[in-house]
Amino acid sequence: MSTINQPAAPSRLAVPELLIGIGLLACAGAVAWQTLAIPISPLYSKVGPTVFPYLTMVGLIVLSLLLILAALRGGWQPEEEKETPTDWKAMGFVVIGLVANLLLIQPLGFTAASVIMFVLVCYGFGSRHTLRDVLTGLVLALAAYFGFAKALGVNIGAGFVENQLNTVIDAFTSTLGG
Amino acid sequence: MDTLSHLAHGFAVAFTPTNLMWCLLGTTLGTAIGVLPGLGPALTIALLLPITYQVAPEASFILFAGIYYGAMYGGSTTSILLNTPGESATIVTALEGNKMARSGRGGAALATSAIGSFVAGTLGTLGVAFLAPVVVKFALAFGPAEYFSLMVLAFITVSAVLGSSSVRGLTSLFAGFVIGMIGVDLQTGQPRFTFGMTELLDGVDVIIAAVGLFAVGETLYMASRRYAGKDEIVPLKGSLYMTAAEWGRSWKAWLRGAAIGFPIGAMPAGGAEIPTFLSYAIEKKLSKHKQEFGTVGAIEGVAGPEAANNASAAGVLVPMLTLGLPTSATAAIMLSAFQSYGINPGPLLLTTQANLVWGLIASLFIANVILVILNLPLIGLWVRLLKIPAPQLYAGILVFATVGTYGISQSPIDLVILYLLGAAGFLMRRFDFPTAPVIIGMILGPLAETQFRRAMTISNGDWSVFYTHKLSLILLTLAFIGLAGPHIWAFIEHRRRRGPEHVPGDA
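Right under this line is the structure:
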């Protein structure tokens, strides 16, 4: 992939860009499929709910064909992006962290799931102070839970950690009050 | 005269202790997220959208506007000291600003950008106050057909004219249309693009879209390119006080920058890139110190673009408040905040919501004063924020992304959508697709559809309304020129001399 300096030369097919073009064409197909699934009431036959979806579909098809054409002519990814190798390991850890968060947020609650995600993402980005990251993540998740979510009135659901802390806070306030 | 009395009333709204507090909170938060790489005003305002269920509209818009202005100030600090422009609008600031910092004049660069931002921001806000009522008078004559054509023009300028490729910009825009159409069609009650999933009937929340593209996508992107090398922070050196010579070289650049930035921002085109690049080119041409450009850093090259940037940010509020036409991702998210209150921005907004609009404009003047104080004497505080290490910063961004998304309905499906959009955002960064048109398409697309159907209903299904109405025809013609003009031009150039075919990205 080390194609440095090839200005204007009739370059060859760029595979990643081609895949993007084809993927977009598939999206246009999905749009077509979903548009056909929209039931049309005869009352709105003139400008019903399908007119815009069809316009969007046509637009997407044209654009994806133009992208495929550009890919066949050598693609468009900026040189600077091409020259930077992808750090798959770092990305892998971030993805694992995100998936762990998705799977654990219901059984363990927000705080615990967030700490696990935080540590995995930090590790992916090259931090090797795992214990410090656990503590930072815990403080940040609790700040997000009690500061941000409560202040905004967002209900994010309580898990194990939140329940324990809420009991402690309730006990504390009741002793102060009584 | 009318405007002045409205403004006086607005200041009465803005000067209540609670609203001053919201303004202070917004500007502080805005500066912080402007300084931090990876966080921008669009993402922050999206995360704070739930606040619209809690407080009065005045309070939340004063908060959002403070964040919006603050991010502009904070962004320049990062550009000057770190050479990593947080936003496309501050790319030019980094050109000369970072050179100045490296040659030991970082203090003066920060000072001229903060004071320039203040001058231009204040002039721009004045511009909003005086131009908005004029645009309203004009906009009252708009029917659905004209609105639709105006939105088409905005779509074209935002996605196809700005940015490096019109095909990729339009692709982002159309992707936004698809996301915006997911859910129940408001006019007929038919579900669209739901793939039979009940979770999608309510549509994709703008919070999820913004957080997915800007937070998750950005984090994946930064993780993927750790090999790209890091920019080091230039330690802040030099006095924050500008010398008489530096003042002399700055003030004209500020005024010129403001004069370029505001009109371009106020057009339905929007975008801060063009005015900043334009201002930079003009300052370079007019400067008596041309040898400093690109070598030790010229102060005009910081002062002009920074002023243009802030004036255009103010200008963007004109079409947004008077026509309900957002031309940046941040403005689009602010529009969805209006929708959350059941308020429709448009020509009637200035009369029906006079408290809100004039309170907001007045608070922008106050925000500018607070920001110049926050960003000059307290600059050391913000420099320290730059030292937050990347691992913890991006991991933390993901924690807040989770709160914002999962908090909407505690549904893991929302997280799945978030991650899918994050993956899309990553690919878009990697393959040079602009992300802002997605958000604009998603929010403005359904509004355009409503106007389109309204126009067609009024005309009884006759498509000709869009070109028999004179104004509508003019707007559509402009849109066509915007779309086809550069290509025709490139074709002529290509025929003239067979040069490289791709268009330079900095236009």
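These protein sequence lines map, in sequence, to chains Z and A. All you need for our numbering is the position in the first sequence, starting with 1, plus 9. Numbering-wise, our numbering puts 20 at position 24 of the second sequence, and it's gapless, one number per residue. Virtual Cβ for every residue (Gly too), placed ideally from N, Cα, C.
For Glu228/A, does the count of other Cβ atoms within 10 angstroms reach 16, so buried, or fall short, so exposed? exposed
Under 9 Å between the Cβ atoms of Leu440/A and Ala150/A? yes
Out of curiosity, what's the CA-to-CA distance linking Gln186/A and Gly199/A? 12 Å
Residues of the region 155 to 172 of chain Z whose Cβ lies closer than 9 Å to any Cβ of chain A, in chain order: Phe157, Ala158, Ala160, Leu161, Gly162, Val163, Asn164, Ile165, Gly166
Going by Cα to Cα distance, which pick from Gly159/A, Lys133/A, Ala116/A is closest to Thr431/A? Gly159/A
Does the beta-carbon of Asn94/A have 16 or more other beta-carbons within 10 angstroms, so that it is buried, or is it exposed? buried
What residues in its chain sit with their C-beta under 7 Å from that of Ile111/A, if we drop five residues either side in the sequence? Val368
Assign Val154/A to buried or exposed, taking buried as 16 or more other Cβ atoms, counted over all protein chains shown, within 10 Å of its Cβ. buried
Mind pulling the chain A residues with CB within less than 8 Å of Val56/Z? Phe448, Arg449, Met452, Thr453, Gly457
With distances taken Cα to Cα, identify the nearest neighbour of Val379/A among Thr323/A, Ser99/A, Val230/A, Arg245/A. Val230/A
Tell me, which residues are paired with Pro187/A by DSSP? Val180/A
Which runs of the alpha helix (DSSP H), 4 residues or longer, sit entirely within the region 279 to 344 of chain A? 296 to 311, 313 to 319, 325 to 336
Are the beta-carbon atoms belonging to Ala135/A and Leu319/A less than 9 Å from one another? yes
Neighbour list for Pro87/Z in chain A, Cβ cutoff strictly below 9 Å: Ser160, Phe427, Asp428, Gly501
Coil, strand or helix - Gly403/A by DSSP: helix
Distance, Cα to Cα, Asn371/A vs Ala61/A? 17 Å
Chain Z contacts from the region 172 to 183 of chain A (Cβ-Cβ distance under 8 Å): Phe173, Val174, Met177, Asp181, Gln183
Would a check of beta-carbon distances place Pro387/A closer than 9 Å to chain Z? yes
Inter-residue Cα distance where the pair is Phe361/A and Val51/A: 22 Å
Roughly how many angstroms lie between the CA atoms of Thr182/Z and Leu25/A, to the nearest whole one? 31 Å
Should Asp201/A go down as buried or exposed, given a rule of 16 or more other Cβ atoms within 10 Å for buried? buried
Distance, Pro315/A Cα to Ile235/Z Cα: Here chain Z has residues from 10 to 187 only, and residue 235/Z is not among them.
If you draw a straight line from the alpha carbon of Ile260/A to that of Thr401/A, how long is it in whole angstroms? 34 Å
Between Tyr63/Z, Leu28/Z, Pro25/Z, which lies nearest to Phe189/A when the distance is taken from Cα to Cα? Tyr63/Z
Would you please verify whether the beta carbon of Met218/A is less than 9 Å from any beta carbon of chain Z? yes
With a threshold of 16 other CB atoms inside 10 Å of the CB of Leu411/A, please say whether the residue is buried or exposed. buried
If you measure between the beta carbons of Trp250/A and Ala303/A, is that distance less than 9 Å? yes
Considering Cα atoms alone, identify which of Ile87/A, Gly123/A, Met177/A, Glu296/A is closest to Ile270/A. Ile87/A
Sort His465/A, Ile436/A, Leu21/A, Trp485/A by Cα distance to Glu142/A and report the nearest one. His465/A
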